[in-house]
Every structure is written in structure tokens, then in C-alpha cells.
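Residue numbers (my numbering): 259 to 344.
Report on the following structure.
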């Protein structure tokens, strides 16, 4: 029983996104598999932005960040609540 607990503790913890970034530089996909996109992401509701537009967008407003995965309903960005579609 102790050995199983010890082996479980040795497994690598997957990285989480923080303010839209995940550092995968030390993650071994061969040994540990894929990584979920769990964490903190900036959401632009009802908008499709190209990379150039994203680079020019200020990211300092806390209301623009949301933790995923989560239900959209009830979350707020830019002072507006998310709806179930958009």
C-alpha cells in the first residue's frame, strides 16, 4: 500500500495556464501524454481576433480573464455576463 502511494506521488503534475500561457518546455509528452488547457485564459466574447489584434489588446483588466474549464453561464468579461451561446 505504501509503495502504491509513493508511486502515485511521483507522477508529474500537468502544467496549468496562468494569464494565457502554459510552459510546456519541460513536459515529456511521450511519458506523460497530452496536457489539458485548464487554467486562466482571456476570453473575447462574440469576437474572432487574429494574432495581430491580440498582440495589441491590453491584458491588464482582471475582468477579461476567466478560469477554464467552466460553464460560460454566469461568468463576466468586460462588465458583461456571458450567455449560453456566443
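All residues carry an ideal CB built from backbone N, CA and C; glycine is no exception.
>> Short of 6 Å in beta carbon distance, which residues of its chain neighbour residue 298, apart from the five on each side in sequence? Order them along the chain.
In response: Excluding sequence neighbours, residue 298 sits near 275, 276, 277, 323, 325.
>> Can you give me the C-alpha to C-alpha distance between residue 339 and residue 307, rounded to a whole angstrom?
In response: Roughly 20 Å between the two C-alpha positions.
> According to DSSP, what are the bridge partners of residue 275?
Replying inline: 297, per the DSSP bridge assignment.
>> Just verifying my parser: in three-state terms, what is the DSSP assignment at residue 309?
In response: DSSP places residue 309 in helix when its eight states are reduced to three.
> Hey, quick one: how far does the alpha helix (DSSP H) through residue 302 stretch, first residue to last?
Replying inline: Careful: residue 302 lies outside any alpha helix (DSSP H) and carries neither H nor E.
> What does a CB cutoff of less than 6 Å around residue 301 pick up in its chain, not counting 5 residues either side in sequence?
Replying inline: Shown here for residue 301: same chain residues with a beta carbon closer than 6 Å to its own, the five before and five after excluded, namely 324, 335 in chain order.
>> How far does the beta strand (DSSP E) with residue 326 in it extend, from its first residue to its last?
In response: Counting along the chain, the beta strand (DSSP E) containing residue 326 begins and ends at 323-326.
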